[in-house]
Each structure stands twice: as C-alpha cells, then as structure tokens.
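Colleague: Quick mapping for you: the protein sequence lines, in order, are chains A and B. As numbered in my numbering, residues -8 to 354 make up the first sequence, in order. As numbered in my numbering, residues 1498 to 1777 make up the second sequence, in order.
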Amino acid sequence: MSAEPSKADKAKEKTLAKYGASMKSSLGFNRTPGTPAGMAPPSGVVGARMTGVINDREAAVIGVDRIVSDPDQPRREFDDEALDRLAASLKGRGQLQNVVVYWSEDLGSYVLVSGERRWRAARRAGLTTLRCKILDRKPDDSDRLSIQLVENCVREDLRPVEQAAAFRALMEANGWSTRQLADALNMAQAKVVYALGLLDLPEDLRDRVDQGELAPRTAYEIGRLDRPEDQRALADRVALEGLTRDEVAAEVRTSRDAADDATGRQTSRKAGTRSKGRGGAASGSRGKASVRLPTTKVFRVPGGSKLTIEKARGLDAESYRAAARLLLEHADRLDPPSKATALAAGSAAQPQSLAESQPDVAA
Amino acid sequence: MMAIVAMVNQKGGVGKSSTTMHLGGALARRGLRVLVVDNDAQASLTKGLLGDESARSLDPVTTVYALYAGVPTPEDLLVRATDFDGLALLAGSPASISFNVPDPHLIDPREQAVLRDALRPIAEGFDVTLIDCCPNLQRATWSALLASDAALIPTMPELFGAQGLAEVRDWVALVEQTWGRSLPVAGVLITMFNGRRAMHRTFAELLADGCPELFEATVPESADFPEAIAAGKPIHYHKARGAAAKAIDAVANELLTRLADLGLRADTDESDDLSSKEAA
C-alpha cells in the first residue's frame, strides 16, 4: 500500500468523498461509549463485592446417591438420635459445612473422606444433594485419617469425651504433643490437656460428662484424685451440693495433701510441686499443717434458696457453726422463738445442713 | 506469564473463529503453549480443529459447558490436545446455549465470573489463551471479557462488518463500569482484506486515523484460509510457506508485541530465544 499517485488512490479518494461520512459515523469514532444498545443499564458496581472472591471449581453440589461412604472409615456406629437431630438441622438451617469427597473410578462414585454423619443425615432428611469439596485424588491413609480427625476435633456437636478421643487419635497419628495439637487446631493448649484428662476417668463419670452433668473442667479436676471411688464421691457432691470448679479443685488439693501427709513428707513435697501453678482460690500458705480448706462454699437449700459462705483463710467446722447461729438468729428476729423451735422440732422441711448444726446452737 | 485474550465482535462472520484457529496455530508453531477456547455454542472452532463428527460426539461435560454448569470435570478431560504440537483446545458445545442469557451484567456476580474463575487456573498452564466468542454480548461473551486480560477485535473492512466496533467499545466500558477494572483492547484486526478494493483501502485508512489499536498487519482475503479450515488445520499446518501463513505470522508478532506493551507477556524475542534454547 505504498504511495503511488495511481488509479487505485484515485478510486480510494472517490470512495472517501462519496461514503466517508457514513463510514466514519458507523465506526463510532469520537463517541463516548455508553450502555450497549438493547441492554439494560448497569444496576450497580460489583467490583468491591467481588474483589478477592473466586468461585471454587473444587467445590460442587453432588447428588447424595452419587456419594458412597468410605469403605475404610473407622467409625461404624452412628447414634440414631444424633443423626435425627442433624437431619433436622440440615433441613432447617441448611448445610453449613461442605463434606469432602474424591472420585473413585473403581466404585463409579464419589467417596466420602469426611462428612459421613452429614451424608447419612441428609438421606434421612430426604435431601437430594450435598455441597462437597472435591479432592483431585484419593488421599493417602494418613492424610485421610488426619482430615477426618481434624474435622472431628473441631466439630461443635461432638461430646466432650468423643472430642477428647479424637484429640488423642490425632496426636497418636501424627506423633504430636499437646502443644502441637493445640497449634494445629488453633486452640488453647489447656483445653487439650483438660480434654485428655477425661479419658482417664471411669466410664460412668465419662458418661456424666457427655450428658452434661459434669463440666469437662470440673471432671478434669476430679480426675486428679487417684481412686475411682473418691472421684465418684466428689462427682456426687458436685451434683448434690452444686460445688463449683474452684471448690472441686480445692477439695482435690485437700484430699491429695491429706493423702500425702499420710504417706510421708517426700510425697507431700512432690504433690506440692505437682499442684504448683494450678492457682485456685486457696493458693495461699502451703506448708507444715497443710490441710487446706475451701474458701467458698455454696449450699443449695431445699425450697429454692442458695447459701454462700466465704472465708479467705478457709472454712472450718467453726465457720459453718457460726454461720448457722447467725442464720438462726436472723430467723428468730422474723419469727417468735418459741413457735419457731416448736416448728423446727417436727419440721421435715428443715434444711439438712442447718439441722446438723442445731445441737451446737442448743448447747 | 500468561495472557488471556478474548476475540470479540458484535458482528458474526468477521473471522473470529477462523482467526482464532490460525493465530493459535501460528503462536504454537513458534513454541508457545497455546490454549484456544471455543466459547461459542455454534462450536465452529471445535469443528474446525476436531472435525464435525468428533465435535458433535463430545460429552458436554468435557467442554466449556462444564464451566458454566459448574460441573467439576478434571482439567485433563477439559483441555484437549490437538494434532498440532503446543495447541490445546477447550472445546465448545451447543449444550451451553441455555447459559447464554441476555443482560449478563445484571445476574449474580458470582455467576458472571464463573468462566473467569474456572478458566484462569487452567490458563496458568499456557503462554497465550485465545477465547473465541459469540457475536453478541450475552453471558458467554461477557464472561469471556471478565476472564480476559485484553480484547482483540477482528473486523471486516466493510460497513456491516465494521459496525460492531463501536458496540465492542461499549462492552469494554460496561466491564469497567460494572467490575471496576479496565479491559485493554490489544488490537483491532482487519480481516478478509482485499487491497484491490477501494472500499477496503478506504476503511483501512479511516481506521488508522480513528483507532489507535489498529494492527498494521491484516488478514488478507485468501482461498488458503477456507481451504485450511476444510482440511481441519491452522494455516501453518496447511501451507506453512504461503502468503496467508506469512500474514498470520505478522499478526502474531504484532499481538505479542502489544501484549508485551500491556505488561501481559515478556518480550517476544526473549520467549523465542527461550524456546529455541529449550529445543536445542
């Protein structure tokens, strides 16, 4: 297309003269771009909403009938009632967490790596699909175990002892310390330590923890007692008297120290070091006499009231008697004494703990 | 560094599919890893590269359909090798037509971005990805624009063929308005150019004045192109030494230079050196 003042150029000039204006306008030069013809104007800017948001092609919605359970899944028993609850939750709130699957050419199905309970519950609830995270291949055994265990460890519907068992399994699978496990799960190391303590409790006490009768932290304190019968006795008192965790910790210290006193000095020192740093309300003087008393005591009084007694130096028998006297005096002021004693003598409704103190008052 | 280029024009029949095929072949021929994506439900590009029969028998979930439908087909089933070294195809399927809805800029933003999010990780494995688009701005083309680093606009040097240019400017503006990112026009490419026609020369001159992105190189009108497509080959694998192949080479050079200017690729010479070193 070099410049030759030729026939061709003349033809071009002629075309330009004749059609140039309409050609230029049709090309849209010098025109500000606007909304394309026939299209609705933009409804708003999505840039901010979508910045850093990427659709994940590894996630998908998959029919539940296209998914099979992991043939190697260690867990074989599923609590019927819990599955019902999960099914209700899936129905009501929808699926909050993806299950994890991989495609198996051999089985012609997606195989669950984690989420077997959700999958079972989804079928129960009549859901046809599940949202899945798809792994690009079958994870090897240790990976799979870890994925399953990590999921188990952070599940909220897991009971405390189940969670503790998941902690221990994950630590064993990876050879982890409590510190490493806590780091991996991003939780406080103390929580891991308390949880692991549950596993050493006798079965009936573990059940009480799982049923919510015994808080895990309290159960951990109880677990520091050596003999199962002592553990049970203390757990009973938690249920009956409403002992707080600090009270339980104090009781445990008292009884351990008492036991140590009985077996001799060396073990006493050892016990002292063991309980070092375990704080609690009664971490005051520690030494020769060393029978440590609780500083706070709460009574749940039949009839609905609650009674709290506190003494910084520890509550001994005299503290309770003094409190009882005070209470009786208070009652006397509200009610004529003669009538009250007469009633008290025959009253089954008299609070038990106060009734025990009565002989002292009379004396 | 990878670059994704959308081949767009609102006009049909201006040579989008044909240019995608030949340009893809030319780039692959010089040692680049090239992916061509058939984002048009007509599946012309797919038929061109695989043959009619094979193109028709493709399972839609192994085509671009999977990306729109959200089917998690593994990458190795989506990306097909072709008979031409270095040139891979992400096939198109008529099944994807139902996704091609109008006013795509108003649908859920995540749905708008589905092709982008699915394609970009795949395109990481290639030096250049060319997306052949539909001659309209519905969801398929819109998604391609969102997925792309730049647009290339093939246009015919005649009135109807060139009218789409103004429309494409509107599309690009709409991307910026809606998504807040600018989409550069890597080039405007005159196709089916016949230098003997006064009208074609006039158009070329007008475009050169008003259109800064106009490529100097053109795709000439030549019987070799339709022949190559009938043979199922990019021009370089049909008549490698012909004038048509040389013309496409010039287009390829200019495209790579533009992409380098836009910061989307290392300079052409370097990549040529690299590939010849690797070959040696």
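C-beta atoms are modelled at their ideal positions from N, C-alpha and C, and glycine is treated no differently.
For chain B, check one thing: does any of its Cβ atoms lie closer than 9 Å to the Cβ of R48 (chain A)?
Modeller: Within the first sequence, the letter at position 57 stands for residue 48 (chain A). Taking Cβ atoms only, chain B reaches closer than 9 Å to R48 (chain A), which makes this a yes.
Colleague: V1669 (chain B) touches chain A at which residues, Cβ-Cβ below 9 Å?
Modeller: Your numbering for residue 1669 (chain B) matches position 172 in the second sequence. The contacting residues are P24.
Colleague: Using 8 Å as the cut-off, can you tell me whether the segment 1545 to 1554 of chain B makes contact with the segment 1638 to 1657 of chain B, which would need three or more C-beta pairs spanning the two stretches below that distance?
Modeller: no
Colleague: Quick one: is G203 (chain A) near chain E, going by C-beta distance under 9 Å?
Modeller: The structure shown contains no chain E; the protein chains it does contain are A and B.
Colleague: Are the CB atoms of A1741 (chain B) and D1721 (chain B) within a distance shorter than 9 Å?
Modeller: Position 224 of the second sequence, counted from the first residue, corresponds to residue 1721 (chain B). Position 244 of the second sequence, counted from the first residue, corresponds to residue 1741 (chain B). Their beta carbons are under 9 Å apart, which means D1721 (chain B) touches A1741 (chain B) by this criterion.
Colleague: Helix, strand or coil: how does DSSP classify G188 (chain A) here?
Modeller: As a first step, residue 188 (chain A) must be located in the first sequence, where it is residue number 197. In this structure, G188 (chain A) counts as helix in the three-state DSSP scheme.
Colleague: If we count the other Cβ atoms within 10 Å of its Cβ and call it buried at 16 or more, is G270 (chain A) buried or exposed?
Modeller: Position 279 of the first sequence, counted from the start, is the residue given in the question as residue 270 (chain A). Residue placement at G270 (chain A) is poorly supported in this model, since its pLDDT is 39, which falls under 50; the coordinates are not used for a value here.
Colleague: Beta carbon of G1677 (chain B), beta carbon of A31 (chain A): below 9 Å?
Modeller: In the second sequence, the residue the question calls residue 1677 (chain B) occupies position 180. In the first sequence, the residue the question calls residue 31 (chain A) occupies position 40. Contact: no.
Colleague: For I125 (chain A), go through chain B and note every residue whose CB falls closer than 7 Å to its CB, in chain order.
Modeller: For the purposes of this step, residue 125 (chain A) is taken as residue 134 along the first sequence, with counting starting at 1. In chain order: P1569.
Colleague: In three-state DSSP terms, what is P1591 (chain B)?
Modeller: Here residue 1591 (chain B) refers to the residue found at position 94 of the second sequence. Reduced to three states, the DSSP call for P1591 (chain B) is helix.
Colleague: Whole angstroms are fine: how far does the CA of P1601 (chain B) sit from the CA of T1675 (chain B)?
Modeller: Looking up residue 1675 (chain B) in the second sequence gives position 178. Looking up residue 1601 (chain B) in the second sequence gives position 104. Straight-line Cα distance between these residues: approximately 11 Å.
Colleague: Hey, which unbroken runs of the alpha helix (DSSP H) at 4 residues or more fall wholly within the segment 44 to 106 of chain A?
Modeller: 71 to 84
Colleague: Which full runs of the alpha helix (DSSP H) of 4+ residues lie inside the segment 196 to 248 of chain A, going along the chain?
Modeller: 207 to 213 and 219 to 232
Colleague: Could you give the residue range of the alpha helix (DSSP H) that holds M162 (chain A)?
Modeller: Taking the first sequence and counting its residues from 1, the one referred to as residue 162 (chain A) is at position 171. Element bounds for M162 (chain A): P151 to N165.
Colleague: Which partner residues does V1748 (chain B) have in the DSSP bridge list?
Modeller: Position 251 of the second sequence, counted from the start, is the residue given in the question as residue 1748 (chain B). Per DSSP, none; premise fails for V1748 (chain B).
Colleague: So is L1581 (chain B) buried or exposed if we call it buried at 16+ other beta carbons inside 10 Å?
Modeller: What you label residue 1581 (chain B) is simply residue 84 of the second sequence in a count that begins at 1. As written in the sequence, residue 1581 (chain B) is Phe, which differs from the Leu given in the question. Looking at its Cβ environment, which holds 16 or more other Cβ atoms inside 10 Å, F1581 (chain B) is buried.
Colleague: With a Cβ-Cβ cutoff of 9 Å, do P1599 (chain B) and Q1635 (chain B) count as a contact?
Modeller: Along the second sequence, one-based indexing puts residue 1599 (chain B) at 102. Along the second sequence, one-based indexing puts residue 1635 (chain B) at 138. Yes, Cβ-Cβ distance for P1599 (chain B) and Q1635 (chain B) is below 9 Å.
Colleague: Could you compute how far the alpha carbon of R228 (chain A) sits from the alpha carbon of A253 (chain A)?
Modeller: Reading the first sequence from its first residue, position 237 is the one you call residue 228 (chain A). Reading the first sequence from its first residue, position 262 is the one you call residue 253 (chain A). For R228 (chain A) and A253 (chain A), the gap between their C-alpha atoms comes out near 24 Å.
Colleague: Could you name the residues that DSSP lists as bridge partners for A1500 (chain B)?
Modeller: Translated into the one-based positions of the second sequence, residue 1500 (chain B) becomes position 3. Residue pairing by DSSP places A1500 (chain B) opposite B:V1625 in a beta bridge.
Colleague: For L1680 (chain B) and V1716 (chain B), which I take to be in contact (beta-carbon distance under 8 Å), what is that distance rounded to the nearest angstrom?
Modeller: Taking the second sequence and counting its residues from 1, the one referred to as residue 1680 (chain B) is at position 183. Taking the second sequence and counting its residues from 1, the one referred to as residue 1716 (chain B) is at position 219. In fact, because the Cβ distance is near 23 Å, the residues do not count as touching under 8 Å.
Colleague: I need the boundaries of the alpha helix (DSSP H) containing R1617 (chain B), first residue and last residue.
Modeller: The count along the second sequence starts at 1 and reaches residue 1617 (chain B) at position 120. Run containing R1617 (chain B): V1611 to A1620, per the alpha helix (DSSP H) assignment.
Colleague: Report the partner residues of T1652 (chain B) according to the DSSP bridge assignment.
Modeller: Stepping through the second sequence from its first residue, residue 1652 (chain B) is reached at position 155. Note: T1652 (chain B) sits in a beta bridge opposite B:I1687.
Colleague: Using DSSP with H/G/I as helix, E/B as strand and the rest coil, what is T26 (chain A)?
Modeller: On the first sequence, residue 26 (chain A) is found 35 positions in, with the first residue counted as 1. In the structure shown, T26 (chain A) sits in coil (DSSP, three-state: anything other than H, G, I, E or B).
Colleague: Looking at the unbroken beta strand (DSSP E) that takes in K297 (chain A), where does it start and where does it end?
Modeller: Numbered from 1 along the first sequence, position 306 holds the residue referred to as residue 297 (chain A). K297 to E301 is the extent of the beta strand (DSSP E) around K297 (chain A).
Colleague: What residues from the segment 1574 to 1591 of chain B come within 8 Å of chain A, judged by C-beta to C-beta, listed N to C?
Modeller: Nothing from the segment 1574 to 1591 of chain B brings a Cβ to less than 8 Å from some Cβ of chain A.
Colleague: Give me the DSSP bridge partner(s) of S1577 (chain B).
Modeller: Taking the second sequence and counting its residues from 1, one reaches residue 1577 (chain B) at position 80. Note on identity: in this sequence residue 1577 (chain B) is Arg, with Ser being the wrong assignment. B:L1586.
Colleague: Against chain B, does I45 (chain A) count as a neighbour if the rule is that its beta carbon must be under 9 Å from one of theirs?
Modeller: In the first sequence, counting from the first residue as 1, residue 45 (chain A) sits at position 54. Cβ-Cβ to chain B under 9 Å: yes for I45 (chain A).
Colleague: Give me the Cα-Cα distance between T1517 (chain B) and V1531 (chain B), rounded to the nearest whole angstrom.
Modeller: Counted from its first residue, the second sequence places residue 1517 (chain B) at position 20. Counted from its first residue, the second sequence places residue 1531 (chain B) at position 34. If you take the alpha carbons of T1517 (chain B) and V1531 (chain B), they lie about 11 Å apart.
Colleague: Considering only the alpha carbon of each residue, which of B:G1510, B:D1614 and B:D1535 lies closest to V44 (chain A)?
Modeller: Working through the first sequence from its first residue, we reach residue 44 (chain A) at position 53. Closest by alpha carbon: B:D1614.
Colleague: If you draw a straight line from the alpha carbon of L1711 (chain B) to that of T1543 (chain B), how long is it in whole angstroms?
Modeller: Taking the first residue of the second sequence as 1, we reach residue 1711 (chain B) at position 214. Taking the first residue of the second sequence as 1, we reach residue 1543 (chain B) at position 46. Spanning the two alpha carbons is a distance of roughly 28 Å.
Colleague: Could you tell me which residues DSSP puts in a beta bridge with F290 (chain A)?
Modeller: To locate residue 290 (chain A), count along the first sequence from 1; it is residue 299. Paired residue(s): A:L298.
Colleague: Give the residues from the segment 169 to 196 of chain A that approach chain B closer than 8 Å (Cβ to any Cβ), ordered along the chain.
Modeller: none
Colleague: How about A173 (chain A) and A179 (chain A): do their beta carbons lie closer than 9 Å?
Modeller: Against the first sequence, residue 173 (chain A) aligns to sequence position 182. Against the first sequence, residue 179 (chain A) aligns to sequence position 188. Cβ atoms of A173 (chain A) and A179 (chain A): closer than 9 Å.
Colleague: Taking DSSP as the reference, what is the three-state secondary structure of R277 (chain A)?
Modeller: As a working mapping, residue 277 (chain A) is identified with position 286 in the first sequence. Because R277 (chain A) sits at a pLDDT of 40, beneath the cut-off of 50, its placement in the model cannot be relied upon, and the point is left open.
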